[in-house]
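Protein chains: 2
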Amino acid sequence: MQVFGDYGYVGATTAQIARAAGVSQPYVVQTFGTKEQLFLAVIEQALDRLLAAFAEVVETPPGDSGDTDSSDESTLAGRLGAAYVDQLEDRGLLLSLMHAFVLGRDPVIGRVGREGFMKVYRYLRDVAGFSPQEVRGFLAEGMLINTMVGLRMIDDVDTDPDVEQLLECSFEGKLDKVRALAAADVAGSPG
Amino acid sequence: MQVFGDYGYVGATTAQIARAAGVSQPYVVQTFGTKEQLFLAVIEQALDRLLAAFAEVVETPPGDSGDTDSSDESTLAGRLGAAYVDQLEDRGLLLSLMHAFVLGRDPVIGRVGREGFMKVYRYLRDVAGFSPQEVRGFLAEGMLINTMVGLRMIDDVDTDPDVEQLLECSFEGKLDKVRALAAADVAGSPG
DNA sequence: GTCATGAGTTATCAAGCGATAACAAATCCC
DNA sequence: GGGATTTGTTATCGCTTGATAACTCATGAC
Chain R
645 MQVFGDYGYV GATTAQIARA AGVSQPYVVQ TFGTKEQLFL AVIEQALDRL LAAFAEVVET
705 PPGDSGDTDS SDESTLAGRL GAAYVDQLED RGLLLSLMHA FVLGRDPVIG RVGREGFMKV
765 YRYLRDVAGF SPQEVRGFLA EGMLINTMVG LRMIDDVDTD PDVEQLLECS FEGKLDKVRA
825 LAAADVAGSP G
Chain B
645 MQVFGDYGYV GATTAQIARA AGVSQPYVVQ TFGTKEQLFL AVIEQALDRL LAAFAEVVET
705 PPGDSGDTDS SDESTLAGRL GAAYVDQLED RGLLLSLMHA FVLGRDPVIG RVGREGFMKV
765 YRYLRDVAGF SPQEVRGFLA EGMLINTMVG LRMIDDVDTD PDVEQLLECS FEGKLDKVRA
825 LAAADVAGSP G
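From first to last, the protein sequence lines are chains R and B.
If you read the first sequence in the working numbering, its first letter stands for residue 645, the second for the next number, and so on.
If you read the second sequence in the working numbering, its first letter stands for residue 645, the second for the next number, and so on.
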């Protein structure tokens with residue numbers, strides 16, 4: 645998931661993935677059959693984890709979460725948004741999904757990507773109880789987050805005040821956490 | 645721009661680009677020096693066209709545009725949003741940008757992508773006069789549009805009522821136009 | 001003990017890729 | 001009209017990549 649998130653489906657090589665996993669390259673291919681099937685497994689797992697995080701928010705009554713951040717943690721939308729940002733801890737999760745989302749032309753990845761995206765749409769509408777317009781707004785903010793993460797905008801937050809302004813009004817109280825995650829990222833990347 | 649939009653930076657081959665341009669593959673490489681420089685040229689041009697479209701909206705007084713769509717064409721944000729959707733006519737423009745945006749790890753594409761994204765941010769804030777929060781909301785809707793276009797969500801609009809609901813409340817009056825553009829897309833793709 | 005099985009390796013291949021070199025032909029300049 | 005320059009081509013190379021084949025080696029059943 646990390647490697648696909650960093651380099652995309654085409655850009656990531658099975659050799660890189662094998663190195664990150666500490667195994668040999670042929671073993672990666674042998675285990676999953678093909679690179680495409682491995683990517684689909686990654687996408688499926690990423691989606692499962694995301695929806696599981698949403699489910700935990702929906703099933704948990706509000707007010708007892710550890711952090712009392714800003715960006716109204718009181719509303720359901722605010723709590724789901726916080727859970728979404730928390731998925732950044734799973735390195736490559738949101739980015740692997742995003743890479744799948746921009747490959748809709750691919751006959752198999754495109755179908756899986758559309759199904760996955762609509763699965764999230766239906767969850768937010770039917771389980772979280774959002775209106776279509778509310779879902780759309782929520783997804784829009786999510787896609788903006790994905791984009792800024794993919795751009796590694798956090799790398800410029802200290803040198804460009806405009807970047808700081810944008811990230812500040814996007815992540816608000818969670819910005820420091822995002823900073824820490826990005827710092828841990830570069831430290832743990834094997835090059 | 646079309647080829648990069650369809651297959652991404654890594655996925656698009658110089659041979660595909662050459663075929664789409666009606667020239668030989670080595671000529672593409674020879675003309676732009678390298679595939680990376682060609683992609684950067686595409687990104688630069690895409691950004692120029694997008695900002696030029698925004699500039700035309702800002703400089704044109706409201707009320708005299710040909711189409712009187714919904715999604716309040718009266719406000720500046722609504723007119724800029726319509727101009728953004730109009731960029732779908734430039735096939736691959738928004739998608740090429742999106743592909744660059746998810747490759748922020750790349751040392752050169754990442755830097756250009758961040759600069760380009762922030763150029764749009766500054767334009768909307770300083771020229772269009774948006775507040776940072778307004779810019780963020782506008783960009784979020786743009787990234788959602790990019791994602792749905794990248795997913796080719798329009799392919800499922802007739803078979804999945806939920807997709808129709810999502811696209812309807814996203815594009816509103818412009819949905820028919822988007823449909824027509826997608827139909828022209830598949831017709832004009834050389835495979 | 002030994003045989004089967006699962007887990008993993010090394011060695012290697014065929015194909016596709018971006019890039020380079022050498023060449024061909026049209027166009028321009030004077 | 002003939003050299004120079006631009007605009008393109010064909011042929012080909014070296015490298016990378018995903019995939020395959022054949023082999024090794026623990027482990028456990030009986």
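For glycine and all other residues, C-beta sits at the position ideal for the given N, C-alpha and C.
Quiz prompt | Residue-level contact to chain R via CB, Met-787 of chain B, 8 Å cutoff | solution = yes
Exercise. Consider the Cβ of Gly-835 of chain B: report whether some Cβ of chain R lies at a distance smaller than 8 Å.
Key: Bear in mind that a pLDDT of 47 at Gly-835 of chain B, under 50, signals an unreliable position, so the number given afterwards is only what the model happens to contain. No, its Cβ sits nowhere closer than 8 Å to a Cβ of chain R.
Quiz item: Taking Cβ-Cβ distances below 8 Å as the criterion, which residues of the segment 738–765 of chain R are in contact with chain B?
Solution: Leu-739, Met-742, His-743, Phe-745, Val-746, Leu-747, Gly-748, Arg-749, Gly-754, Gly-757, Arg-758, Phe-761, Met-762 and Tyr-765
Practice problem: Verify the CB distance criterion: does Pro-776 of chain B have a CB-CB separation below 8 Å to chain R? | Solution: yes
Quiz prompt | Cα-Cα separation between Val-807 of chain B and Ser-814 of chain B, rounded to whole angstroms | solution = 10 Å
Self-check item: Which listed residue (R:Glu-785, R:Leu-682, R:Val-764 and R:Val-673) has its alpha carbon closest to that of Ala-696 of chain R
Solution: R:Val-764
Exercise. Run the CB neighbour count on Arg-749 of chain B, radius 10 Å, all protein chains shown included, and call it buried at 16 or more, exposed below.
Key: buried
Self-check item: Of the listed residues B:Ala-662, B:Leu-738, B:Arg-663 and B:Val-702, nearest to Ile-789 of chain B (C-alpha basis)
Solution: B:Leu-738
Quiz item: Tyr-651 of chain R touches chain B at which residues, Cβ-Cβ below 9 Å?
Solution: Val-654, Leu-747, Arg-749 and Asp-750
Quiz item: Whose Cβ in chain B lies nearer than 7 Å to the Cβ of Met-797 of chain R?
Solution: Arg-758
Quiz item: Using a Cβ-Cβ distance under 8 Å, would Gln-731 of chain R count as near chain B?
Solution: no
Quiz prompt | C-beta atoms of Gln-646 of chain R and Arg-758 of chain R nearer than 8 Å | solution = no
Practice problem: For Tyr-767 of chain B, collect the residues of the same chain with a Cβ closer than 7 Å to its Cβ; drop the 5 residues on either side in sequence, then sort them by chain order. | Solution: Leu-695 and Phe-698
Quiz item: Where does Gly-835 of chain B land, buried or exposed, given buried means 16+ other C-beta within 10 angstroms?
Solution: Only weak support is given to the placement of Gly-835 of chain B: the predicted model assigns it a pLDDT of 47, under 50, and the value that follows is read from those uncertain coordinates. Exposed is the call here.
Quiz item: What is the residue span of the alpha helix (DSSP H) that Met-792 of chain B lies within?
Solution: 776–794
Quiz item: Looking at the unbroken alpha helix (DSSP H) that takes in Tyr-651 of chain B, where does it start and where does it end?
Solution: 646–655
Self-check item: Reduced DSSP category for Pro-705 of chain R - H, G, I as helix; E, B as strand; rest coil
Solution: coil
Quiz item: Gly-835 of chain R by DSSP, collapsed to three states: which one?
Solution: Below a pLDDT of 50, predicted positions are generally treated as unreliable, and Gly-835 of chain R, at 47, falls in that range; the measurement from the model is reported next regardless. Gly-835 of chain R falls in the coil class under three-state DSSP.
Quiz item: Quick one: does Met-645 of chain B have its CB under 8 Å from some CB of chain R?
Solution: no
Quiz item: Mind checking if Val-807 of chain R is an interface residue toward chain B, Cβ cutoff 8 Å exclusive?
Solution: yes
Self-check item: Burial state of Ser-775 of chain R (16 or more Cβ within 10 Å)
Solution: exposed
Quiz item: Would Val-729 of chain B be called buried (16 or more neighbouring beta carbons within 10 Å of its own) or exposed?
Solution: buried
Quiz prompt | Extent of the continuous alpha helix (DSSP H) run through Leu-810 of chain B | solution = 805–815
Exercise. Show which residues of chain R have a CB atom less than 7 Å away from the CB atom of Asp-800 of chain B.
Key: Arg-758
Practice problem: Mark Glu-785 of chain B as exposed unless 16 or more other C-beta atoms lie within 10 angstroms of its C-beta, in which case mark it buried. | Solution: buried
Quiz item: Nearest to Ala-727 of chain R by alpha carbon, out of R:Glu-700, R:Phe-745, R:Asp-820 and R:His-743?
Solution: R:Glu-700
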